[in-house]
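Counted the way mature numbering (1 follows the signal peptide of the UniProt record, and there is no 0) counts, the sequence shown spans residues -20 to -1, 1 to 348.
From the three backbone atoms N, C-alpha and C, an ideal C-beta is built for every residue, glycine too.
Here the structure is a predicted model, which is why all the values come from computation and not from measurement.
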Amino acid sequence: MHLLLYALSVLLLQFSHTYAAAQGSCACSPVTIPVHVDVMVPKDPTDEFAGLKSNASELRRVDATYDIYGIFCEPDTIVSSRNKDVVQLLVHGLTYTGQYWSPPVEEFRNYSYAAFSCARGAYSSLAVDVLGVGLSSRPVNASDVQYPTSSAALSKVARHLKTTSLLPGVPAFNKVIGIGHSAGSGLLNFGAIVEGSQSPFDGLILTASLSPAVDLNISSVPGLSSARDVDPLRWGTLDPAYFTATNRSIFYPADPSTFSPRMFLLDEFTEDVGTVGIFAQTTTTSLTTGYTGPVVKVVGSEDQFLCAGTDRCGDVAALTAAERTLWPAARSFEVVVEQGSGHDMNLDFFAEGPFNTFVGFVKQFSDL
């Protein structure tokens, strides 16, 4: 049964790409980018600061080449040469893949941000599967998949987009805007901490992520289990430190009328894996960065991890001031709270609101 559902998820993934291309506004193609990563990671993958506060004896080297898979989408019509010079690098969260940015149409609603940004903003995008996930390389040792390795791989992809033709007829881009979701935002944040003004990203849109991050223990979060125990047919050979989330409801608003039950079912069909290291190292986002580009954080008012049930997101000015302290060198900094949206703001009935917000900031950052 699990194998059948996995096969269905693959078919749905392919359908979503066909759909995006069939709208007459967006043409999409799969790509694979090889990246070489040479970084120091903590020997203990549960090190909450990903080795940034460790001494040399607590670190080990990961020197490897990985393949990063993604779906590149470009608008059929470019409205200006400035738009043609810009690409969005879309980074999903834990237990998702790049499909988060382009799920199939459901109940006549298009939840694809890739298609939306083609149609409304005329911007290209590359939605990747992060290291260890989906169709990207999956290291045998899950402890190799930590913030330093995964973040470095994303920066290498961004530099590739600026220096190399991705596909025939697609020239290198002048600007790369990073858009992350949840742990994907954390990876972009970590890169900004490590690289500062040398970052290849010309702007960051960090969704479903606030700092300082809540310090979570994987054993205390309901629904997080070793992937090989959850689905032995699909993941039985994986290192036990690869996990998945069987409780998908926490990613949506608590009110079930705010999202489609069929989208929730699709979410269960297409769930993927994360690693203990990536989960444990979310606290790195509480460190100050010297990144000099523009930054915006976008969160949902009904995000069950970050906002719902608290007064944290009610005073946007106060929240912005608190978040701003960790980005002292940023060219500009804003926080946007999307009313009604949950943690997976792309997948509920309010998705068009965040989509408009993302495109608006991509245009703003591209014009700088």
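Measure the CB-CB distance between residue 225 and residue 204 and report whether it falls below 9 Å.
yes
Using the three-state DSSP reduction, which class does residue 206 fall into: helix, strand or coil?
strand
Alpha carbon to alpha carbon, how far is residue 326 from residue 149? Give it in angstroms, no decimals.
30 Å
Which residue from 170, 242, 230 and 209 puts its Cα closest to that of residue 91?
242
Assuming residue 128 and residue 270 form a contact by the criterion Cβ under 8 Å, report the distance between their Cβ atoms to the nearest whole angstrom.
Actually they are not in contact, since the Cβ atoms of residue 128 and residue 270 sit about 17 Å apart, beyond 8 Å.
In the structure shown, what three-state DSSP assignment does residue 369 receive?
Here the chain has residues from -20 to 348 only, and residue 369 is not among them.
With distances taken between CB atoms, is the gap from residue 117 to residue 51 smaller than 9 Å?
no
Proximal residues to residue 339 (C-beta, below 8 Å), its chain only, five neighbours per side dropped
96, 97, 100, 101 and 103
Check each candidate in 294, 220, 334 and 138 and name the one with the smallest Cα separation from residue 183.
138
Please report the distance separating the alpha-carbon of residue 141 from that of residue 287.
35 Å
Would you list the one or two residues that DSSP bridges to residue 98?
Answer by DSSP bridge pairing: none, since residue 98 is not bridged.
In chain order, each alpha helix (DSSP H) run of at least 4 residues that lies wholly inside the region 247 to 317
256 to 260 and 296 to 304
Report yes or no: do three or more beta-carbon pairs, one from the region 73 to 82 and one from the region 32 to 40, lie closer than 8 Å?
no
Considering only the beta carbon of each residue, do residue 43 and residue 18 sit closer than 9 Å?
yes
Would you say the beta carbon of residue 299 is closer than 8 Å to some non-hydrogen atom of the ligand HEM?
This structure does not include the ligand HEM; it has no bound ligands of any sort.
Are residue 310 and residue 272 closer than 9 Å when you measure CB to CB?
yes
Is it the case that the region 312 to 321 contacts the region 260 to 267, given that we only count it when at least three CB pairs across the two stretches are under 8 Å?
no
Return the bridge partner residues of residue 22 from the DSSP annotation.
39
How would you call residue 248, buried or exposed, if buried means at least 16 neighbouring beta carbons within 10 angstroms?
exposed
Mind checking which residues open and close the beta strand (DSSP E) that includes residue 155?
155 to 161
To the nearest angstrom, how far is the alpha carbon of residue 253 from that of residue 122?
11 Å
Kindly list the residues whose CB is nearer than 7 Å to the CB of residue 63, restricted to its own chain and excluding five residues on each side of it in sequence; keep chain order.
102 and 103
DSSP beta-bridge partners of residue 48:
13
Could you check whether residue 250 and residue 14 sit closer than 9 Å to each other, using their CB atoms as the reference points?
no
To the nearest angstrom, how far is the alpha carbon of residue 120 from that of residue 162?
24 Å
Let's see if you can read the secondary structure: which residues bound the beta strand (DSSP E) around residue 107?
104 to 108
Straight-line Cα distance separating residue 280 from residue 206:
28 Å
Expressed to the nearest angstrom, what Euclidean distance is found between the alpha-carbon atoms of residue 218 and residue 295?
44 Å
Under 9 Å between the Cβ atoms of residue 135 and residue 78?
no
If you measure between the beta carbons of residue 10 and residue 187, is that distance less than 9 Å?
no
Between which two residues does the beta strand (DSSP E) holding residue 225 run?
222 to 225
Roughly how far, in whole angstroms, is the beta-carbon of residue 70 from the beta-carbon of residue 107, given that I think they are within contact range, below 8 Å?
4 Å
Got a sec? Which residues, its chain only, sit under 7 Å from residue 307 by beta carbon, not counting five neighbours each side?
269, 271, 275 and 313
What three-state label does DSSP hand residue 68 in the structure shown?
strand
Reference residue 260; option with closest CA among 94, 221, 6 and 323:
221
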